[in-house]
Every structure is written in structure tokens, then in C-alpha cells.
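If you're matching positions, the sequence shown starts at 1 in UniProt numbering and goes up one per residue.
A short worksheet on the structure shown next.
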Amino acid sequence: MASKEELRKRKTYLQIAGFECSNCHKTTREDGTRSLLRCTRCRMSYYCSKSCQRADFSFHKQFCTAIEELSNLDEVWYSCNGKESEWNKRKIYHMQLLPAALDRDLTSYESNAWLNQPKCHVCFRTSRDLENRSALIPCTNCHVVFCCSNEHWEQHRPKHKSLCQTYQIMVQCEKIR
Numbered sequence: 001m002a003s004k005e006e007l008r009k010r011k012t013y014l015q016i017a018g019f020e021c022s023n024c025h026k027t028t029r030e031d032g033t034r035s036l037l038r039c040t041r042c043r044m045s046y047y048c049s050k051s052c053q054r055a056d057f058s059f060h061k062q063f064c065t066a067i068e069e070l071s072n073l074d075e076v077w078y079s080c081n082g083k084e085s086e087w088n089k090r091k092i093y094h095m096q097l098l099p100a101a102l103d104r105d106l107t108s109y110e111s112n113a114w115l116n117q118p119k120c121h122v123c124f125r126t127s128r129d130l131e132n133r134s135a136l137i138p139c140t141n142c143h144v145v146f147c148c149s150n151e152h153w154e155q156h157r158p159k160h161k162s163l164c165q166t167y168q169i170m171v172q173c174e175k176i177r
């Protein structure tokens, strides 16, 4: 059985997507801000305040450092060329390399964070892949699907429209849980 600390540290999809604080679960709406602070090193954890970031740092530090190591290896961080199959290959490849950088197996949180990190649903680039490292643009309704530009949103919107309500229900269920 998982300890209370392990249960408290499990991350929801909204935390991985950057709409809930990685420490206290406060959403952007509850915090009264448009966006949360993002870890500048790994760009994968989000916080409502510096104090929450400090409180989560002992839990986050090792994974953050491993991601930074991986990101600094150019041959490892290759382009997906707008292909979902390449995105999937890169994710699996990185998941095989991360345990070596961590010197241990990935936790379930780390696996989920890595596999579910936001990406453009047209070109399959993460915020780390984008040249100006700008934030991805989320769907304003479900906050589950992202695109890197308004042009890509226009291209992806017809496909996303049929799934958006399902994603909204999924997010609501996760909040209740």
C-alpha cells in the first residue's frame, strides 16, 4: 500500500499539463492567474508560488536534473518531423534513457509526466522543441489538447471537436478523485 506522502505526490493530468500546481493542486482559476510558474530547468512542473516550488523541490529535483541531462544531448533530442510515429519512438527511447540518468527506475508519476507531457497535436513538438521555447496553446475548454500555433489549432480543431467534451468529463472526474 502506498504511503500518505506517495499518494500526496501523485500528479494529476492537470498538473502535468500545467493547470494545477504540482505541489498543492491549486488551479490557475483558483490562484486567480492566467498561468502558473514553470520550472525553468525541465519546464515540466508548474507552481502557483515560489513557496510551493520550494516545498516540492526535494521530490522534483532528481527527475528535473535527469531531464536536463537528457535535453543537453543533441543526438538524443531529435526532431519528430511532424510524425506521431516519431514522437512515440522518441518518448520510448527517452524512457529507456531516463532510468540511467536517475540511477533508478522511473516512478509512476515520472512515467506519466514523461508520456503525457503536452505536445502540439499537429507537429508533435513539445515546448522544449519549439525554437523560442514558447508555451503551447491549450484548448480553452478541456485543457487536455495543445497546439503550438493558432494555425495548427485551425487545422486540428475539426478532429478535436468530437473529443473535447469527453476530455472535459475526464478532467472533472480526475478533480473529484
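Where is the CB? At the ideal position from N, CA and C, for every residue including glycine.
Model, not experiment: these values are computed from the prediction.
Rounded to whole angstroms, the gap between the alpha carbons of residue 11 and residue 70 is 22 Å. If you look at residue 56, you'll find it in the alpha helix (DSSP H) that goes 50–71. In the three-state scheme derived from DSSP, where H, G and I count as helix and E and B as strand, residue 40 is classed as coil. Counting the other Cβ atoms within 10 Å of the Cβ of residue 172 gives fewer than 16, which makes it exposed.
Residue 164 sits in a helix when the DSSP states are folded into three classes. The beta carbon of residue 48 lies closer than 7 Å to those of 21, 24, 26, 31 and 36 in the same chain, with the five residues before and after it left out. Looking at the DSSP output, residue 124 bridges to nothing.
With respect to the C-alpha of residue 125, the residue from 85, 104 and 163 having the closest C-alpha is 85. Residue 77 and residue 95 do not touch by the CB rule: their CB atoms are close to 14 Å apart, not below 8 Å. Here residue 20 carries a strand assignment [DSSP, helix/strand/coil].
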